[in-house]
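Number of protein chains: 2
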Amino acid sequence: MTTIDRTRHAFSIDEAVALLTRTPATLDALLRGLPDTWVAANEGDKTWSPFDVLGHLIHGERTDWIPRARIILEDGEARAFDKFDRFAQFAVSKDRALPALLDEFASLRRQNLEQLSELTLTEDDLDRRGTHPELGVVTLRQLLSTWVAHDLDHIVQISRVLARQYPDEVGPWRAYLRIISGQQG
Amino acid sequence: MTTIDRTRHAFSIDEAVALLTRTPATLDALLRGLPDTWVAANEGDKTWSPFDVLGHLIHGERTDWIPRARIILEDGEARAFDKFDRFAQFAVSKDRALPALLDEFASLRRQNLEQLSELTLTEDDLDRRGTHPELGVVTLRQLLSTWVAHDLDHIVQISRVLARQYPDEVGPWRAYLRIISGQQG
Chain E
1 MTTIDRTRHA
11 FSIDEAVALL
21 TRTPATLDAL
31 LRGLPDTWVA
41 ANEGDKTWSP
51 FDVLGHLIHG
61 ERTDWIPRAR
71 IILEDGEARA
81 FDKFDRFAQF
91 AVSKDRALPA
101 LLDEFASLRR
111 QNLEQLSELT
121 LTEDDLDRRG
131 THPELGVVTL
141 RQLLSTWVAH
151 DLDHIVQISR
161 VLARQYPDEV
171 GPWRAYLRII
181 SGQQG
Chain L
1001 MTTIDRTRHA
1011 FSIDEAVALL
1021 TRTPATLDAL
1031 LRGLPDTWVA
1041 ANEGDKTWSP
1051 FDVLGHLIHG
1061 ERTDWIPRAR
1071 IILEDGEARA
1081 FDKFDRFAQF
1091 AVSKDRALPA
1101 LLDEFASLRR
1111 QNLEQLSELT
1121 LTEDDLDRRG
1131 THPELGVVTL
1141 RQLLSTWVAH
1151 DLDHIVQISR
1161 VLARQYPDEV
1171 GPWRAYLRII
1181 SGQQG
């Protein structure tokens, strides 16, 4: 009898693209048309709202994933990646509305997946190495895996921010809702 | 100067419906067409896969939210809710495929939101009380708030399960990905 480990997947370009393709439509379905106060909701202090996260994802499409893949392919470890600005979304999003951000994210993601496809990466390419300015040596495979996990991390974040708007409204059910009670949910 | 608290919303039927309406399309965008091994992915042991969560959400549409709202409106505290079977999804989903579950969830949710609308609930109705078999006295407002938060909790769960399929593939980026490193992310 074969036991299948359902808790991990080896990286595959096709599967990564399947996941990366779905993120814009997922966020569109979740957020477009929601009342403005929900789009601007956060978890207090300087935490991010769904609106802020969209700007962050857009900045990533522009400056992070594909640009870094190209640095690995063209310069290898010799040239460290440019640092990623984790606060750029406040400039990206200034004076804009959520629907425009959703449209831009979808458009940039589509273009970036086209560029990824045009690179026709081989298994050997995926093992090629680059230099992260803080983390040191990383591979192209790790970069692309992180692109996927990073998308999902931010879907988690947006859903969590929305759910936590009802910390008291749910009453005694709070005990069952890990997302609100603060346990890993 | 008015400071707006962005971390909490008072319950409103219209806003709750806006959120509840979006869940089926969100899960459809995220999951339909994903490779089967990702739909069946879990976090080990008896944890749930995206497929299992869909069955759980379907069972909730059938037996939890609107049926319990009706018990509150018809019987008040006199009749405790039926217990919710947290393992019913394994029967709901047996021998079925994900697309059929996505379709059924969308259809049941649409019907339930129509029924909710037909109840034309007033603010006084929202304060009406019922008896939860374990939690004791709860209000209709708390039940409906929990319906919303419960949806979002399971979007969090599904996204987390998917992201965690790459615990090693992401390499050194693991340190930055709270969803994988295990910190609340």
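Protein sequences appear in the order of chains E and L.
For the first sequence, counting from 1, position 158 maps to 158 in our numbering; every step adds exactly one.
For our numbering, add 1000 to where a residue sits in the second sequence, where the first one is 1.
Each residue gets a CB set at the ideal place from its N, CA and C atoms; glycine is no exception.
Computed from a prediction, not measured in an experiment: that's the story for all the values here.
Chain E partners of residue i, CB-CB under 9 Å?
i	result
residue 1034 of chain L	15, 18, 19, 22
residue 1132 of chain L	172, 173
Among the candidates the options, whose CA atom is the shortest distance from the CA of residue i?
i	options	result
residue 172 of chain E	L/1096, L/1143, L/1031	L/1143
residue 53 of chain E	E/174, E/151, E/170	E/151
residue 1020 of chain L	L/1047, L/1179, L/1181, L/1107	L/1107
residue 1072 of chain L	L/1136, L/1097, L/1045	L/1136
residue 1090 of chain L	L/1114, L/1059, L/1082, L/1014	L/1059
residue 44 of chain E	E/181, E/175, E/176, E/164	E/164
residue 138 of chain E	L/1113, L/1162, L/1174, L/1112	L/1174
residue 1177 of chain L	E/157, E/42, E/35	E/157
residue 99 of chain E	E/162, E/41, E/32	E/32
residue 1097 of chain L	L/1042, L/1080, L/1036, L/1010	L/1036
residue 94 of chain E	E/81, E/70, E/55, E/155	E/55
residue 10 of chain E	L/1010, L/1041, L/1011, L/1024	L/1041
residue 92 of chain E	E/70, E/34, E/51	E/51
Using a 10 Å radius around the Cβ and a threshold of 16 neighbouring Cβ atoms, would you call residue i buried or exposed?
i	result
residue 148 of chain E	buried
residue 185 of chain E	Residue confidence is low: residue 185 of chain E scores 38 on pLDDT, short of 50, so the model does not pin down where it sits. Its coordinate-derived value is still stated next. Residue 185 of chain E is buried by the Cβ-count criterion.
residue 1078 of chain L	exposed
residue 1068 of chain L	buried
residue 134 of chain E	exposed
residue 1169 of chain L	buried
residue 1181 of chain L	exposed
residue 1001 of chain L	The predicted position of residue 1001 of chain L is uncertain, since its pLDDT is 48 and thus under 50; a value taken from the coordinates is nonetheless stated next. With fewer than 16 Cβ atoms within 10 Å of its Cβ, residue 1001 of chain L is classed as exposed.
residue 179 of chain E	buried
Measure the alpha-carbon distance for residue i versus residue j and round it to whole angstroms.
i	j	result
residue 4 of chain E	residue 1049 of chain L	14 Å
residue 104 of chain E	residue 57 of chain E	10 Å
residue 1022 of chain L	residue 1087 of chain L	25 Å
residue 159 of chain E	residue 1160 of chain L	11 Å
residue 17 of chain E	residue 102 of chain E	19 Å
residue 1123 of chain L	residue 110 of chain E	45 Å
residue 38 of chain E	residue 1146 of chain L	16 Å
residue 1061 of chain L	residue 1153 of chain L	15 Å
residue 1066 of chain L	residue 1112 of chain L	7 Å
residue 1132 of chain L	residue 13 of chain E	48 Å
residue 15 of chain E	residue 1114 of chain L	37 Å
residue 1082 of chain L	residue 46 of chain E	42 Å
residue 1034 of chain L	residue 1024 of chain L	16 Å
residue 80 of chain E	residue 70 of chain E	12 Å
Find the residues of chain L that neighbour residue i, judging by a C-beta separation of less than 7 Å, and give them in chain order.
i	result
residue 53 of chain E	Under the 7 Å cutoff, chain L gives no residues; its nearest Cβ is about 12 Å from residue 53 of chain E.
residue 181 of chain E	The premise fails here: residue 181 of chain E is roughly 10 Å from chain L at the closest Cβ pair, so nothing lies under 7 Å.
residue 129 of chain E	None at all; the shortest Cβ gap to chain L is about 10 Å.
Are the beta-carbon atoms belonging to residue i and residue j less than 9 Å from one another?
i	j	result
residue 29 of chain E	residue 1028 of chain L	yes
residue 1167 of chain L	residue 6 of chain E	no
residue 130 of chain E	residue 85 of chain E	no
residue 116 of chain E	residue 125 of chain E	no
residue 162 of chain E	residue 140 of chain E	no
residue 155 of chain E	residue 63 of chain E	no
Can we count residue i as close to the ligand MG, meaning its CB is less than 8 Å from some heavy atom?
i	result
residue 138 of chain E	This structure lacks the ligand MG, and indeed carries no ligand of any kind.
Which residues of chain E have a Cβ atom closer than 7 Å to the Cβ of residue i, listed in chain order?
i	result
residue 1170 of chain L	142, 145, 146, 149
residue 1139 of chain L	171
residue 1136 of chain L	172
residue 1117 of chain L	Neighbours of residue 1117 of chain L on chain E: none; closest Cβ ~18 Å, over 7 Å.
residue 1044 of chain L	7
residue 1160 of chain L	156
Just the chain L side, please: which residues come within less than 8 Å of residue i by C-beta, in chain order?
i	result
residue 9 of chain E	1037, 1038, 1041, 1165, 1166, 1169
residue 109 of chain E	Within 8 Å Cβ-Cβ: nothing; residue 109 of chain E doesn't reach chain L, min ~13 Å.
residue 49 of chain E	1006
residue 93 of chain E	Chain L residues near residue 93 of chain E: none, gap ~15 Å exceeds 8 Å.
Which residues in chain E have a C-beta closer than 8 Å to the C-beta of residue i? List them in chain order.
i	result
residue 1177 of chain L	146, 149, 150, 153
residue 1068 of chain L	Near residue 1068 of chain L there are no residues of chain E at all, since even the closest Cβ is about 11 Å away, more than 8 Å.
Just to make sure I have the definition right: I need the residues of chain L whose C-beta is within less than 9 Å of the C-beta of residue i. Which are they?
i	result
residue 29 of chain E	1022, 1023, 1024, 1025, 1026, 1027, 1028, 1029, 1030
residue 96 of chain E	What residue 96 of chain E touches in chain L: nothing, since even the nearest Cβ is about 18 Å away.
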